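Okay, structure first, notes after.
Protein chains in written order, with the working numbering: chain L, 1466 to 1663; chain R, 1466 to 1663.
Below, the structure is given as structure tokens:
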């Protein structure tokens, strides 16, 4: 799967302070889950991913037993959670509907471009708005009984056009950088307007 | 806390098929968690609530050890997850910032009106767009180590103005019925525009 991977230099990507990494997921976006095992990369979509703790930051993600990505995560103990954008609507739906088990060229056929982040042997999906590098905290009972995986977030980055100074700026960023929130049957909502409570 | 509770008849509320209950949470809204113990009701806000399974429907919710709502859930084994609306922005932020431990009149002071749902000895928050009655699946290790609670959804209802025939209709319903998605510091996003992937 290395043919579609390239070293990607994107000046819009900046590290996010780990204590604020939960904010990348706090609004409940549908995410892409990527993992690498034995030189093979895979990416799937997951609507069931949620922050779990602030410091150190942790998250949960539900991974069906049928998915190759889960297999890779069980093998490597590492994965990336990333926040796809409205511009990636079709890509997100495709990687969530197709399996690497059926199509060795899944990523290419879904239009996924991967890039590397220094210091992490993990596949990062280009074009997303945020990335969280995760280290599995093995909890065999949760994994077997509920398909529920717990991980610590060990690195976080965001596209500074849409997330900077610890906050999302969906109202001022380009509209196609809004996060996606899946319902069912190919229907997603984009995140909308900002409101401040007193 | 019974003075603010009343039997509420709202013709807009209809049961949601349990197999489609996950759709009420799939887009990652911030929720209100309510519980009753020994005749006392409480309501808190939670950004970290997530679907876990389809059938029977299950969900996860993270409940800090400091909260009275968690105490009530540990005592009763039952709770309600409900989806608040833009119209409930201040209410949602207030029940998430104040504790019943400090103010016995928290619910009244936060503007919470409760109602009853036949067959369920639980407090339901009026004005929300969806409600899920939940039965705790005790997992002591998750609860103690991660503040993570797993429950089965045993009843689901929605405001038919904004959720019907198994789908949200945020684009056509009144704008103040959109769901809220919390970030931090009192800032929320409303859910936005609908998109369909091929």
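Positions of the beta carbon are idealized from the N, C-alpha and C atoms, including for glycine.
Predicted, not measured: the structure shown is a model, and the values here were computed from it.
Contacts of residue i in chain R (Cβ-Cβ under 7 Å)
{"i": "residue 1494(L)", "result": "1493"}
{"i": "residue 1513(L)", "result": "1515, 1516, 1517"}
{"i": "residue 1643(L)", "result": "1657"}
{"i": "residue 1646(L)", "result": "1492, 1493, 1656"}
Opposing strand residues paired with residue i [DSSP bridges]
{"i": "residue 1578(R)", "result": "According to DSSP, which records beta bridges pairwise, residue 1578(R) is partnered with nothing at all."}
{"i": "residue 1526(R)", "result": "1514(R), 1614(R)"}
{"i": "residue 1499(R)", "result": "1508(R), 1545(R)"}
{"i": "residue 1597(R)", "result": "1546(R), 1621(R)"}
{"i": "residue 1560(L)", "result": "DSSP, once it has assigned bridges, lists no residue as partnering residue 1560(L)."}
{"i": "residue 1652(R)", "result": "1661(L), 1649(R)"}
{"i": "residue 1632(L)", "result": "1629(L)"}
{"i": "residue 1478(R)", "result": "1624(R)"}
{"i": "residue 1602(R)", "result": "1615(R)"}
{"i": "residue 1537(R)", "result": "According to DSSP, which records beta bridges pairwise, residue 1537(R) is partnered with nothing at all."}
{"i": "residue 1590(R)", "result": "1579(R)"}
{"i": "residue 1585(R)", "result": "1582(R)"}
Residue i vs residue j beta-carbon contact at 8 Å
{"i": "residue 1497(L)", "j": "residue 1660(R)", "result": "no"}
{"i": "residue 1499(R)", "j": "residue 1545(R)", "result": "yes"}
{"i": "residue 1528(L)", "j": "residue 1614(L)", "result": "yes"}
{"i": "residue 1590(L)", "j": "residue 1575(L)", "result": "no"}
{"i": "residue 1562(R)", "j": "residue 1571(R)", "result": "no"}
{"i": "residue 1478(R)", "j": "residue 1624(R)", "result": "yes"}
{"i": "residue 1542(L)", "j": "residue 1601(L)", "result": "yes"}
{"i": "residue 1630(L)", "j": "residue 1494(L)", "result": "no"}
{"i": "residue 1569(L)", "j": "residue 1520(L)", "result": "no"}
{"i": "residue 1476(R)", "j": "residue 1607(L)", "result": "no"}
{"i": "residue 1523(R)", "j": "residue 1612(R)", "result": "no"}
{"i": "residue 1655(L)", "j": "residue 1643(L)", "result": "yes"}
For residue i, the nearest candidate out of the options (CA to CA)
{"i": "residue 1649(R)", "options": "1487(L), 1613(L), 1637(L)", "result": "1487(L)"}
{"i": "residue 1490(L)", "options": "1512(L), 1569(L), 1560(L), 1641(L)", "result": "1512(L)"}
{"i": "residue 1517(R)", "options": "1521(L), 1525(L), 1657(L), 1562(L)", "result": "1525(L)"}
{"i": "residue 1550(L)", "options": "1627(L), 1481(L), 1651(L)", "result": "1627(L)"}
{"i": "residue 1609(R)", "options": "1593(R), 1634(R), 1536(R)", "result": "1536(R)"}
{"i": "residue 1593(R)", "options": "1539(R), 1556(R), 1636(R), 1606(R)", "result": "1556(R)"}
{"i": "residue 1532(R)", "options": "1616(R), 1566(R), 1605(R)", "result": "1566(R)"}
{"i": "residue 1480(R)", "options": "1637(R), 1655(R), 1632(R), 1636(R)", "result": "1632(R)"}
{"i": "residue 1508(L)", "options": "1522(L), 1492(L), 1548(L)", "result": "1548(L)"}
{"i": "residue 1510(L)", "options": "1482(L), 1540(L), 1530(L), 1558(L)", "result": "1558(L)"}
{"i": "residue 1538(R)", "options": "1634(R), 1604(R), 1638(R), 1655(R)", "result": "1604(R)"}
Amino acids of chain L, ordered along the chain, whose beta-carbon sits closer than 9 Å to that of residue i
{"i": "residue 1649(R)", "result": "1485, 1487, 1488, 1491, 1631, 1632"}
{"i": "residue 1615(R)", "result": "1607, 1611, 1613"}
Residue i CB to nearest heavy atom of the ligand PLP below 7 Å
{"i": "residue 1642(R)", "result": "Ligands displayed in this structure: none; no statement on the ligand PLP is therefore possible."}
Chain R contact residues for residue i, given Cβ-Cβ distances below 8 Å
{"i": "residue 1663(L)", "result": "1555, 1558, 1651"}
{"i": "residue 1580(L)", "result": "Near residue 1580(L) there are no residues of chain R at all, since even the closest Cβ is about 23 Å away, more than 8 Å."}
{"i": "residue 1589(L)", "result": "Neighbours of residue 1589(L) on chain R: none; closest Cβ ~22 Å, over 8 Å."}
Contact list for residue i against chain L, beta-carbon separation under 7 Å
{"i": "residue 1527(R)", "result": "1517"}
{"i": "residue 1551(R)", "result": "1660"}
Residue i: contacting residues in chain R (beta-carbon distance under 9 Å)
{"i": "residue 1544(L)", "result": "Neighbours of residue 1544(L) on chain R: none; closest Cβ ~17 Å, over 9 Å."}
Partner residues on chain L for residue i, Cβ-Cβ distance less than 8 Å
{"i": "residue 1628(R)", "result": "Simply none; closest approach about 10 Å."}
Is the stretch 1580-1589 of chain R touching the stretch 1578-1596 of chain L in the sense that three or more CB pairs, one from each, lie closer than 8 Å? As far as the Cβ criterion goes, the stretch 1578-1596 of chain L does not touch the stretch 1580-1589 of chain R, which means the pair count is below three.
Cβ contact check for the stretch 1614-1624 of chain R and the stretch 1590-1605 of chain R: 3 or more pairs under 8 Å: The stretch 1614-1624 of chain R, when compared against the stretch 1590-1605 of chain R, does touch it at the 8 Å Cβ threshold.
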